[in-house]
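Numbering (our numbering), first residue to last: 2 to 339. Yeah, the Cβ is synthetic: ideal placement off N, Cα and C, and Gly gets one too.
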C-alpha cells in the first residue's frame, strides 16, 4: 500500500507558496497608457514631417514635368507659348502645354473658334463651348502641400463653372529699380504693373534664345499655392485657363498706359513683392491683378522652375532685387547662388 500522506508532504515541500497575479493593476495600466501617449506625441511630428516631405517632393516633380513640357513645346514650335493673351476668353500657357503633359486627347476636344475657347468669360460661366473644362482637375497643376481648392469659387473668382484653380503661375517679368527701364507699365487700373521682361508674358511669344542672361538664371514658372494671411489670391480669375483684357502689350503701349487703363488677366504674374508676403498690397489684392504674389505652404519659401528645366527652392528671405533679376530674362545681371 502506498503511503499517500508521505507523497503529499513531499509535494507540498517542493512547491513553496507564491503570489498568484491575475493581471495589471489600475496604476500599472495608467502608466503604460501614459508611456504610449508620450511615444505617439513624439512620433506624430516625425510622421507629419515625412508626409510633408513626400508632398513637397511631388510638388517639385510636378514643376519638373512642366519644365519638360515647356521644352517639348519649344522644340515643336521653336518658341514658347504666350503667357496669356487677348481676349480674356483666350487660353493661356496652361492650355498650350496640355498635349505635352499626356493630355493630348483632352486638348483635341477643345474648340478654339477664332482663337478663343471660352466664349462666356464675362459671366463666370466660361466653358459653354468647352464643357469638358468645367470642374476638371489635373494633378500636374496642383501642389499636394496646398490646402487651397483645386476648383475654387471663393469671393472674387467669378468661377461658377469651377474651372481649375492652379498652383503654378507663369512669370511675365519683374518690376525693380535695378532692372532696365521701358519694359513695364505704370500702375494701372485693376491690378498693378504689367511687365514683359520675363519669358511668359501677355500677347508675346519669346524663345529660349531671348533669355540672354542664361536659362539657368531665368525664372519661368513659380509656385503660387498658399494663401496670403487667410486670402486665396492665386492668378486664376474665371478659373485658371483664361486670357488677358488688353489687345497688345508692346513696350510702346505699356509705357503709355495710365491709371485708367483696364488691364487684368489670368495665369501670369509680374513679380513685385517678396515671396510669402504677410499681407496683400496694390496689384496683389485681387485674383485678376497682375502682381499676385509667389506663395506656398512649404516652410521657408517656394519652388521655382528655371529656363534650363531645373527646379530650385527659393527662400522667402531672398533679397528682392535678386528675385527680380531671376524673373527678368535679359537684364544683364547674372544671379549667383540664391
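Cβ pair residue 224, residue 149 closer than 8 Å: Taking 8 Å as the Cβ cut-off, residue 224 and residue 149 do not qualify as a contacting pair.
Could you check where the alpha helix (DSSP H) with residue 306 kicks off and where it finishes? No alpha helix (DSSP H) contains residue 306, which is instead part of the beta strand (DSSP E) from 302-307.
Buried versus exposed, by CB contacts within 10 Å (16 or more), residue 207: Around the beta carbon of residue 207, 16 or more other beta carbons sit within 10 angstroms, so the residue counts as buried.
Nearest-angstrom Cα separation, counted from residue 41 out to residue 106: Distance between the alpha carbons of residue 106 and residue 41 is about 47 Å.
Please list, in chain order, all residues of the same chain as residue 336 whose beta carbon is under 7 Å from its beta carbon, the five residues on each side excluded. If we look at residue 336 and ignore the five residues flanking it on each side, its Cβ neighbours are 218, 323, 326, 327.
Nearest neighbour of residue 220, chosen from 82, 171, 246 [CA to CA]: That would be 171, whose Cα lies nearest to the Cα of residue 220.
Mapping the DSSP letters down to three states, classify residue 11 as helix, strand or coil. For residue 11, the predicted model reports a pLDDT of 46, less than 50, meaning its position is unreliable and no value from the coordinates is stated.
If you measure between the beta carbons of residue 268 and residue 84, is that distance less than 8 Å? In this structure, the beta-carbon distance from residue 268 to residue 84 falls below 8 Å.
Which residues bound the beta strand (DSSP E) around residue 174? Residue 174: member of the beta strand (DSSP E) spanning 169-175, first to last residue.
Alpha-carbon spacing of residue 52 relative to residue 153, whole angstroms: The straight-line gap from Cα to Cα measures roughly 24 Å.
According to the neighbour-count rule (16 or more other Cβ atoms, all chains shown, within 10 Å of its Cβ), is residue 425 buried or exposed? Because the chain spans 2 through 339 in this model, residue 425 falls outside it and cannot be assessed.
Given this structure, state the Cα-to-Cα distance separating residue 237 from residue 256, to the nearest angstrom. Between the alpha carbons of residue 237 and residue 256 lies a distance of about 26 Å.
For residue 142 versus residue 168, is the C-beta spacing smaller than 8 Å? Contact: yes.
Would you identify the three-state DSSP class for residue 113, choosing helix, strand or coil? In the three-state scheme derived from DSSP, where H, G and I count as helix and E and B as strand, residue 113 is classed as coil.
In whole angstroms, give me the CA-to-CA distance for residue 282 and residue 291. When rounded, the distance between both Cα atoms is 12 Å.
DSSP state of residue 123, grouped into three classes? With a pLDDT of only 49 at residue 123, under 50, the local geometry of the prediction cannot be trusted, and the value read off the model is given with reservation. DSSP, reduced to helix, strand and coil, places residue 123 within a helical segment of the structure shown.
Relative to the C-alpha of residue 276, which candidate in 304, 69, 66 has its C-alpha closest? Nearest C-alpha to residue 276 among 304, 69, 66: 304.
Could you give the DSSP three-state label for residue 273: helix, strand or coil? Per DSSP, reduced to three states, the secondary structure at residue 273 is coil, with no helix or strand assignment.
Between the beta-carbon of residue 88 and the beta-carbon of residue 118, is there less than 8 Å? In this structure, residue 88 lies away from residue 118, with their beta-carbon atoms at least 8 Å apart.
Return the CA-CA distance between residue 330 and residue 202, expressed in angstroms with no decimal places. Their backbone Cα atoms lie some 11 Å apart in a straight line.
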